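Notes follow once the structure below has been shown.
In my numbering, the protein residues as written are 3 to 210.
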């Protein structure tokens with residue numbers, strides 16, 4: 003299994019305790035990646051955010067929580083480049099992995115060359131042919147929307163990212179002006195080649 007990083011606030015003790023137990027039950031080795039806390043953003047952090055552009059780009063004011071989440075994902079991309087990590091799995095800390103998660107991911111990694119593979123996602127437009135995955139899951143190749151489209155694959159709860167994908171995302175990351183799932187999911191903006199597991203192989207919102 004490639005490296006697995008779970009983005010989590012250091013103060014989220016309940017979530018961390020659950021994730022440790024859950025990952026152990028799935029026999030998955032992972033590392034916590036300390037999230038950027040939107041409540042404790044520094045002046046230096048805020049200088050890298052363009053709030054007016056965010057409202058123009060995504061139609062709403064960017065909350066400090068959204069900024070912290072976006073910066074957390076961006077810092078993983080920066081780490082991948084600094085440490086030359088060829089591919090990794092990025093998860094948020096309110097997820098529940100389906101029982102065949104590891105087999106599905108291993109098959110996807112072995113058969114798919116996309117920059118990003120979404121493990122959880124909203125509705126996405128895909129090509130009609132799909133690759134068979136274990137236990138009836140399938141791997142879909144997503145179509146990039148037209149340049150002016152507002153469509154996106156809206157979720158960063160779980161995805162597999164290549165080093166090439168991380169570099170493409172960093173080209174569009176700063177100034178921070180969109181939530182994390184806009185940065186990864188707007189294929190017409192970021193230029194990523196994208197695929198996804200159908201249906202999703204994990205659930206989210208466990209602590210809502």
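Cβ coordinates follow ideal geometry from the N, Cα and C atoms, glycine included.
All figures in this text were calculated on a predicted structure; none of them were measured in a lab.
query, result
"Check whether the stretch 36-47 and the stretch 159-167 are in contact - that is, three or more C-beta pairs closer than 8 Å.", "no"
"Mark residue 148 as exposed unless 16 or more other C-beta atoms lie within 10 angstroms of its C-beta, in which case mark it buried.", "exposed"
"Decide yes or no for the touch test of the stretch 152-164 against the stretch 108-127: beta carbon pairs closer than 8 Å, at least 3 of them.", "yes"
"Under DSSP, the alpha helix (DSSP H) around residue 69 begins and ends at which residues?", "66-84"
"Classify residue 12 as helix, strand or coil using the three-state DSSP reduction.", "coil"
"Quick check on the burial criterion: 16 or more other C-beta atoms within 10 angstroms. Buried or exposed for residue 197?", "buried"
"Please report the straight-line C-alpha distance between residue 52 and residue 76, rounded to a whole angstrom.", "15 Å"
"What would DSSP say about residue 200, mapped onto helix, strand or coil?", "strand"
"What does residue 90 pair with, by DSSP beta-bridge criteria?", "163"
"Would you report the Cα separation of residue 6 and residue 174, rounded to the nearest angstrom?", "24 Å"
"Starting from residue 142, follow its DSSP beta bridges and name the residues at the other end.", "132 and 198"
"Count the other CB atoms, across all protein chains shown, that sit within 10 Å of the CB of residue 199; report buried if there are 16 or more and exposed otherwise.", "buried"
"Give the DSSP-derived three-state secondary structure of residue 176 in the structure shown.", "coil"
"Kindly confirm or deny that the stretch 64-79 and the stretch 36-45 touch, where touching means at least three C-beta pairs closer than 8 Å.", "yes"
"Does DSSP put residue 7 in a helix, in a strand, or in coil?", "strand"
"Could you check the C-alpha separation between residue 87 and residue 151 for me, to the nearest Å?", "32 Å"
"Are there three or more Cβ pairs, one per stretch, closer than 8 Å when the stretch 90-109 is compared with the stretch 25-36?", "yes"
"So for residue 36, helix, strand or coil by DSSP?", "strand"
"Kindly indicate which three-state DSSP category residue 43 falls into: helix, strand or coil?", "coil"
"Using the DSSP secondary-structure output, state which residues sit across from residue 184 in a beta bridge.", "Per DSSP, none; premise fails for residue 184."
"Give the range of the beta strand (DSSP E) segment to which residue 118 is assigned.", "118-120"
"Assign residue 13 to one of two classes, buried (16 or more other C-beta atoms within 10 Å of its C-beta) or exposed (fewer than that).", "exposed"
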